[in-house]
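Its first residue numbered 0, the sequence shown is counted upward by one per residue in numbering that gives the first Met the number 0. Cβ coordinates follow ideal geometry from the N, Cα and C atoms, glycine included. Some notes on the structure that comes next.
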Amino acid sequence: MPSGENEKCLVIFQPSGCRGYIDRGKTLKQATVALGVDIEGVCGEQAICGTCKVRIEEGDFEKYGIRSGRESLSAMGPSERKFFNLRQVDEGYRLACQAQILDDVVVFVPEESRMGKQVVRKAPTTRPIEVKPVVRKYPVELVKATLEDNVGDWERLTAALETQYGLKDLTIDYEVLMFLQDLVRQGEWRITVSIWHGKEVIRVEPGFNEKGYGLAVDVGTSTVAGYLCDLTEGTVVATASMMNPQIVYGEDVMSRISYTMTNPEGLEILNQAIIDGLNNIVAEVSESAGIKRQDILDMSLVGNTCMHHIYL
0 MPSGENEKCL VIFQPSGCRG YIDRGKTLKQ ATVALGVDIE GVCGEQAICG TCKVRIEEGD
60 FEKYGIRSGR ESLSAMGPSE RKFFNLRQVD EGYRLACQAQ ILDDVVVFVP EESRMGKQVV
120 RKAPTTRPIE VKPVVRKYPV ELVKATLEDN VGDWERLTAA LETQYGLKDL TIDYEVLMFL
180 QDLVRQGEWR ITVSIWHGKE VIRVEPGFNE KGYGLAVDVG TSTVAGYLCD LTEGTVVATA
240 SMMNPQIVYG EDVMSRISYT MTNPEGLEIL NQAIIDGLNN IVAEVSESAG IKRQDILDMS
300 LVGNTCMHHI YL
């Protein structure tokens with residue numbers, strides 16, 4: 000049994016069997032997020048929607064070595080009680096977003112409170128466009144360095160790009176510069192350079208590789224859709240979509256804004272949720288197209304004002 004405010008409590012969710020140690024004082028809803036238990040909750044933990052109903056299991060659970068009961072949670076308040084009739088209160092029902100964890104507890108999530116896996120399909124539409132990518136790729140063959148011609152690789156590259164393509168006053172990403180020497184020699188002085196806006200070298204590949212990809216992402220309140228595009232042909236080569244992972248913190252924009260206002264770390268949590276979602280989109284389209292993640296040279300995101308602020 001936890002004895003201090005900073006002690007952790009064992010929380011077990013049924014019927015999934017998900018379990019883990021959660022800080023004393025956290026809500027059951029916060030525990031579901033931490034343990035990956037999918038549960039409804041569309042109001043941003045404001046006790047408005049009543050969709051996160053759970054039932055507290057009573058008794059000794061020898062398998063886990065704990066005792067679970069209503070005393071394992073904070074007392075039910077009036078904002079929570081209005082969602083239950085007397086029978087439900089007697090059976091141990093609570094709102095996960097309001098019930099704070101005080102001790103080890105076993106929680107049953109009824110079927111109506113479970114969030115089923117939702118499948119999203121968003122096919123792209125096509126229209127004639129002029130292909131003008133922000134990032135362009137340039138194959139370059141450098142003159143091999145000798146004892147007499149010992150100019151640095153970066154200076155050698157910028158001179159070649161100016162001579163062959165008329166590109167001047169270029170900069171280079173520091174992390175790219177760190178590996179430039181090895182990449183040039185790995186490609187036997189033949190490399191492909193990706194340049195952003197005709198100004199900055201953002202990638203160097205050994206050998207010649209004209210293929211480059213960009214990712215267009217629609218960050219919606221409910222869904223996130225990604226479209227992998229060939230930057231040379233302007234075609235969509237792979238798509239992926241998913242429910243916006245922020246939905247567990249609130250179904251609509253207002254409930255998510257409310258979540259950030261009532262939780263000190265709310266904005267950071269929502270920000271990380273969408274970043275993780277975008278990484279999943281990147282992984283899925285890369286695997287579908289048979290490319291490396293690094294082959295995605297540019298990304299464009301669109302969304303409403305709230306989605307922009309949470310992401311940025």
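- Residue environment: T191 is assigned as buried (16 or more neighbouring CB atoms within 10 Å of its CB, all protein chains considered).
- Nearest Cα to I47 within the set L34, D37, Y137, A95: A95.
- Counting C-beta atoms within 10 angstroms of its own C-beta, Y226 has 16 or more neighbours from the protein chains shown and is therefore classed as buried.
- Taken in chain order, the unbroken stretches of alpha helix (DSSP H) that lie wholly in the stretch 247-271 and span 4 residues or more are 252-261.
- Nearest Cα to T26 within the set G40, K198, V284: G40.
- By the CB criterion at 8 Å, R255 and G43 fall inside the cutoff.
- According to the DSSP assignment, Y212 belongs to the beta strand (DSSP E) that extends over 212-218.
- Within the same chain, and ignoring the five residues on either side of E6 in sequence, the residues whose Cβ sits closer than 7 Å to its Cβ are R23.
- Its chain contains K28, I38, E39, G40, L94, A95, C96, S112 as the residues whose beta carbon lies nearer than 7 Å to that of C51, once the 5 sequence neighbours on both sides are disregarded; these appear in chain order.
- Boundaries for I100: no beta strand (DSSP E) harbours it, and the DSSP string shows neither H nor E there.
- When the five nearest sequence neighbours on each side are left out, the beta carbons in the same chain lying within less than 8 Å of the beta carbon of Q163 are those of Y137, V139, in order along the chain.
- Sixteen is the threshold: when 16 or more other Cβ atoms of the shown chains lie within 10 Å of the Cβ of V105, as they do, the residue is buried.
- Taking a contact to require three or more Cβ pairs closer than 8 Å, the stretch 138-152 and the stretch 297-308 do not qualify as touching.
- When the beta-carbon positions are compared, L296 and R202 come within less than 8 Å of each other.
- Inside the stretch 103-180, DSSP marks whole beta strand (DSSP E) runs of 3 or more residues at positions 104-107, 134-140, from first to last along the chain.
- Burial is judged here by how many other beta carbons sit within 10 angstroms of a residue's own beta carbon; F178 has fewer than 16 and is exposed.
- Straight across, the Cα-Cα distance linking F12 with L311 is about 34 Å.
- Counting every other CB atom within 10 Å of its CB across the protein chains shown gives G249 a total of 16 or more, marking it as buried.
- In the DSSP assignment, R202 falls within the beta strand (DSSP E) that extends over 199-205.
- Closest in C-alpha terms to K210, from the list Y173, T259, V134, G151, comes V134.
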